[in-house]
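Numbering (the UniProt record's numbering), first residue to last: 1 to 230.
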């Protein structure tokens with residue numbers, strides 16, 4: 001069949017059904033495979049897509065280093081504990097991990113304020129990972145890694161973020177409430193872990209910030225609620 005006939009058939013198929021089956025199948029496979037790859041700790045959308053383009057389709061392809069791919073140390077761990085990290089964590093386990101972290105942190109500095117965040121603070125029964133911001137006046141750093149409560153329990157993801165005390169309220173809200181971030185954005189502001197910013201300018205096409213605006217609230221959640229009119 002000539003190329004012109006093939007194109008004509010695809011046009012007719014699209015007019016009749018609103019889709020081209022071959023293209024839809026390819027798109028579906030792309031999404032399914034990259035979603036599996038992004039399940040590996042340390043693998044983002046760009047890396048997952050690049051592996052797909054290079055012909056990788058399964059976790060076995062990654063283990064066998066198809067096309068000579070190279071994994072970072074974090075990705076090596078993510079692949080090794082892939083099955084563990086797909087399982088959600090019960091609240092009881094998350095709470096026990098948090099209490100152990102808190103006890104150790106307070107031994108290092110009794111003045112720290114430490115809170116467990118994310119889905120745990122939203123009262124969800126199961127979590128994917130554990131986020132623990134602790135409050136230190138002059139330090140900001142982030143640790144992302146894995147932990148295991150007992151030798152017979154699953155490996156779990158854990159993120160520890162240290163923030164200055166004046167950003168405590170904004171960090172609590174940022175990691176707790178997505179709808180607050182959306183409200184801020186609709187109001188021409190931006191809410192991140194560092195604070196609520198006014199006068200934010202975004203590119204109309206990409207929606208990326210071209211001007212970060214001016215900090216107007218950050219110390220307490222109440223201060224941010226008031227600024228947003230909540």
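Backbone N, C-alpha and C fix where the C-beta goes; we use that ideal spot for every residue, glycine too.
Let me know the secondary structure DSSP gives residue 203 once reduced to three states.
-> The three-state reading of DSSP puts residue 203 in coil, since its state is none of H, G, I, E or B.
Inter-residue Cα distance where the pair is residue 41 and residue 108 | Taking the Cα positions, residue 41 is about 29 angstroms away from residue 108.
Whose C-beta lies closer than 8 angstroms to the C-beta of residue 69 among residues of the same chain, with five residues either side of it excluded?
-> A distance below 8 angstroms between beta-carbons, with the five flanking residues on each side excluded, links residue 69 to the following residues of its chain, in chain order: 51, 54, 56 and 62.
Nearest to residue 201 (by Cα), restricted to the options 44, 187, 172 and 226 | Considering only alpha carbons, the answer is 187.
Which whole-angstrom value is the C-beta distance of residue 196 and residue 224, which I expect to be below 8 angstroms?
-> 5 angstroms between Cβ atoms; contact.
Can you name, in chain order, every residue of its own chain whose Cβ lies under 6 angstroms from the Cβ of residue 215, other than the five neighbours on each side?
-> The residues are 195 and 197.
Neighbourhood of residue 65 by C-beta distance below 7 angstroms, restricted to the same chain and skipping five residues each side = Contacts found: none.
Residue range of the unbroken alpha helix (DSSP H) whose run includes residue 92 | Per DSSP, the continuous alpha helix (DSSP H) segment holding residue 92 begins and ends at 91–108.
Proximity winner among 180, 185, 230 and 114, relative to residue 199 (alpha-carbon distances) | Among 180, 185, 230 and 114, the Cα nearest to that of residue 199 belongs to 185.
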